[in-house]
Each structure stands twice: as structure tokens, then as C-alpha cells.
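Start counting the sequence shown at 1; every next residue gets the next number (this note's numbering). Ideal placement from N, C-alpha and C gives every residue a C-beta, glycine not left out. In this text the structure is predicted, and so the values were computed from the model without any measurement.
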Amino acid sequence: MSIFTSLATLLGCHSSNPGPDFENTYPITIDLGSYGLRYNMPGNFSNELGYAAKFETEYSPLIQFDPVKRDAYKQGGWQFMKDLDGGIWAYGKRGNSAQLMLSIFISPIRPDKELSGFVVESYDSFYNAPDGLNTKRRNRYPDESDEELGEMLVHPPKDFRSVVFGGVEYLTWEPKDESAAGMSRYFLRRVDPEYFLGFQFNISVSAGSHKDATHFLKEMDKTVERLMEGIEYFDERPHLDSPL
């Protein structure tokens, strides 16, 4: 299954920079108390935002975070979250290239909420807040209805579905109108009645042709699936009835 296929028609070679290096990886454990996850982060990071150099000096095989520390969370788009780890990888060369960014985060959720419903509410409260993007656009065009504004407004996702990587179920959807974040894909897993883990992949492509763009998207497809398949969870608590 191609998770970025729908984006191919929006962008328009084979890579000289192959992207992530799965032969040279960094073992990482994220310890969240009585549960957490392990994975091997592939090397060959892009130095966008100085990431490669920063990773080399700050890399640690163990990341520890206590989810109850609510003052550590911040608003990161629609989600109120704590960023735990991530990576940036480049494909191709200048003028014909692509970039894949990963953010691994944890977010609080009300125990009585289903994950999909919580995402919808979070979108609505963030984008339709008094200083939210939708509110600003409505104020800019006061004579236009929401229907007339159309894609200028960010709408909550509707096409939720479950996907399985490495025997683990995740909630995902197809973002269609998140402006700068429009080429993002989320995979969410509830790890506790009050928290969920998120894996956000952002892509950007600057290709000379539809063929080249499709090539980059397929390569990033493979990277995302390989990364997600390699995640292992550990849990010392009673079994949760549902990961979603």
C-alpha cells in the first residue's frame, strides 16, 4: 500500500542522495515510565536546520520522559504535545530533491474520548479559535461563506482508518488542507487511557517532472513503512482493550 500516492499528482531522477541509511542506525529507547518503545533510527541525516550536526553531538540511546509533567507539553499545530524524537533525511540533489521529516510525540487525551473524535475536536478548537487560521481567513473575507472559502479553511479529517505495522494498529487519515502541513501523514497509537503516541511524517518535493516526483514519493513510502515496521513496544501494565 502506497501511503503517499495521492500526493504524486500534486508535485512535479533518481536520487543521488539515497535518503535514510538503514545499514547504519542508532538504537533508541523512549522510556515513558512503565511503558515505552524501541527502534533503530536510520542514519545519513540531512543537515537542514543543522540537524545532522546536532544529532551527532546530542545523540543518546535512552530518552526518558514522565508523561504526567503537563508543563512540558506545548501546542504543535492541532496537537498539544511533547516532542520526543525525530529525524530529517534528504533525497536527490539541489533542484531535483525531496525531504522527509519525522516527529515522534506524545499527547494527553481525555480518558472518555475515542482517539478519532479527539483529533476532530482538537482540529476544531485549534483552527477555529479566536486567533486560529480559519478565524483569521473568515475575518479577512467577511462576505464569503465557509462554502465559498472552501480549501482556504482547514477542516477536521473525516476518512480515518486503521493500519498495521509490525503487528501494531495505528490510526491514520489523509490530510487534505493543512496549508503548510498539507503533506503530512500521522500515525497515532493510544498507549494509555490518558495519552497517545504520534508519528508525524512531513514531506516536501522539488522535482523536475511528475516521474521524478513519483520516484521520490515511492522512496519515502518505503522509508516510512520500514521505520514504522521496526518499532517495538514494551509495557509492564495491564493490557489495554484497544490501541485506538
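As assigned by DSSP and simplified to three states, the class of residue i
i: GLY33; result: coil
i: LEU10; result: Any reading at LEU10 is ruled out, since the residue's pLDDT is 42, under 50, leaving its predicted position unreliable.
i: SER16; result: coil
i: GLU174; result: coil
i: ASN134; result: helix
i: ASN44; result: coil
i: LEU240; result: Here the model assigns LEU240 a pLDDT of 49, short of 50, so the residue's position is not dependable, and the following value carries that caveat. Coil.
i: LEU153; result: coil
i: SER125; result: helix
i: GLU285; result: There is no way to answer for residue 285, as the model of the chain reaches only from 1 to 244.
i: SER116; result: helix
i: ASP143; result: coil
i: PHE55; result: helix
i: ASP66; result: coil
i: ASP21; result: strand
i: LYS74; result: strand
i: SER179; result: Only weak support exists for where SER179 lies, its pLDDT of 38 falling under 50; the value from the coordinates is given anyway. In this structure, SER179 counts as helix in the three-state DSSP scheme.
Opposing strand residues paired with residue i [DSSP bridges]
i: ILE203; result: LEU100
i: ARG185; result: PHE201
i: THR82; result: The question names Thr, yet the displayed sequence has Lys at residue 82. Answer by DSSP bridge pairing, in chain order: ILE106.
i: ARG38; result: THR29, GLU232
i: VAL224; result: Per DSSP, none; premise fails for VAL224.
i: VAL191; result: Beta-bridge pairing links VAL191 to no other residue.
i: ALA90; result: GLN99
i: PHE165; result: VAL168
i: PHE160; result: DSSP, once it has assigned bridges, lists no residue as partnering PHE160.
Supposed contact pair residue j and residue i - C-beta distance, whole angstroms, cut 8 Å
i: TYR35; j: PHE234; result: 6 Å
i: PRO42; j: PHE55; result: Actually they do not touch by this definition, with Cβ atoms about 11 Å apart.
i: ILE106; j: LYS82; result: 5 Å
i: LEU171; j: LEU115; result: 5 Å
i: LEU37; j: ILE231; result: 6 Å
i: ALA98; j: PHE216; result: 4 Å
i: LEU100; j: THR223; result: 6 Å
i: SER46; j: ILE104; result: At roughly 17 Å, the Cβ-Cβ gap does not stay under 8 Å, so SER46 and ILE104 are not in contact.
i: LEU153; j: ASP146; result: 6 Å
i: ARG161; j: TRP173; result: 7 Å
i: ASN40; j: THR29; result: No, ASN40 and THR29 are not in contact; Cβ-Cβ is about 11 Å, not under 8 Å.
i: PHE65; j: LEU84; result: 6 Å
Short CB-CB distance (under 7 Å) between residue i and chain B
i: MET81; result: Protein chain content of the structure displayed is limited to a single chain, and chain B is not contained in it.
- request: Assess, as a yes-or-no matter, whether the stretch 147-158 is touched by the stretch 119-138 under the definition of 3 or more beta carbon pairs within less than 8 Å.
  value: As far as the Cβ criterion goes, the stretch 119-138 touches the stretch 147-158, which means the pair count is three or higher.
At least three beta-carbon pairs within less than 8 Å, the stretch 189-206 to the stretch 122-139: Cβ pair count under 8 Å is below three, so no.
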